[in-house]
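Q: The structure under discussion is supplied below as C-alpha cells; questions concerning it will follow.
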Amino acid sequence: MGINSIIEEMENIRVIKLKGRRSNYDHGQIVLTLINELKKVDNNKAILDFSELKGSRSITESIMRAESFPIRFRQIKMALLESESNRASAVSEEFVFTNRGFCLKAFFDLKDSINWLNIQKID
Numbered sequence: 035m036g037i038n039s040i041i042e043e044m045e046n047i048r049v050i051k052l053k054g055r056r057s058n059y060d061h062g063q064i065v066l067t068l069i070n071e072l073k074k075v076d077n078n079k080a081i082l083d084f085s086e087l088k089g090s091r092s093i094t095e096s097i098m099r100a101e102s103f104p105i106r107f108r109q110i111k112m113a114l115l116e117s118e119s120n121r122a123s124a125v126s127e128e129f130v131f132t133n134r135g136f137c138l139k140a141f142f143d144l145k146d147s148i149n150w151l152n153i154q155k156i157d
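Positions in the sequence shown are counted from 1; adding 34 to them yields our numbering.
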C-alpha cells in the first residue's frame with residue numbers, strides 16, 4: 035500500500051491525514067484507517083484530510099465508504115479536506131455522505147474546515 039496516515043489533534047479536532055499515491059486496491063485500507071481513527075474521536079469533530087492523497091477516486095468508492103461507516107459516526111461532524119484538483123470527487127463525497135445521514139462537508143482550505151467545525155452544530 036502506498037498510503038500513510040498521520041493523526042494529529044488541532045484545536046480539539048482529530049485530523050486524519052492520508053498521504054501518498056492511492057491505487058484501486060487501497061480502498062479497503064483507507065476505509066479501515068478512517069473507521070479505526072474515527073472510533074477514537076472524543077469531541078465529535080474530525081477532519082478527513084485527503085489533500086495530499088494522489089490519485090482519483092470514483093463515486094462508487096464514496097458510496098462504499100459511506101455504507102461501511104457505523105451509524106454512530108452520524109454524530110461526528112466531519113470536514114473533508116481535499117485539493118482543488120479533486121474538487122469533483124470531494125463534492126460527490128459530500129453529497130453521498132449527506133444523503134446517508136452523515137454530517138460531512140468538503141473544504142479546500144484547512145482554516146475554513148476548522149472554522150466550520152467550531153461553529154457548526156449537528157442536529
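Ideal Cβ positions, reconstructed from N, Cα and C, are used throughout, including at glycine.
1. Could you please give the first and the last residue of the uninterrupted beta strand (DSSP E) stretch that includes ASP83?
2. So, GLU116 versus PHE136, is the Cβ gap smaller than 8 Å?
3. Closer than 8 Å by C-beta to ASN78: which residues in its own chain qualify, once you throw out the five before and the five after it? Chain order, please.
4. Do you know how far the Cα of ILE153 is from the Cα of PHE80?
5. Where DSSP assigns a beta bridge to GLU42, which residues make up the other side?
A: This is what the structure holds:
1. 79-88
2. no
3. Taken in chain order, the residues that qualify are GLN109, ILE110, LYS111 and ILE156.
4. Inspection of the sequence shows that residue 80 is occupied by Ala rather than by Phe. If you take the alpha carbons of ALA80 and ILE153, they lie about 13 Å apart.
5. VAL49
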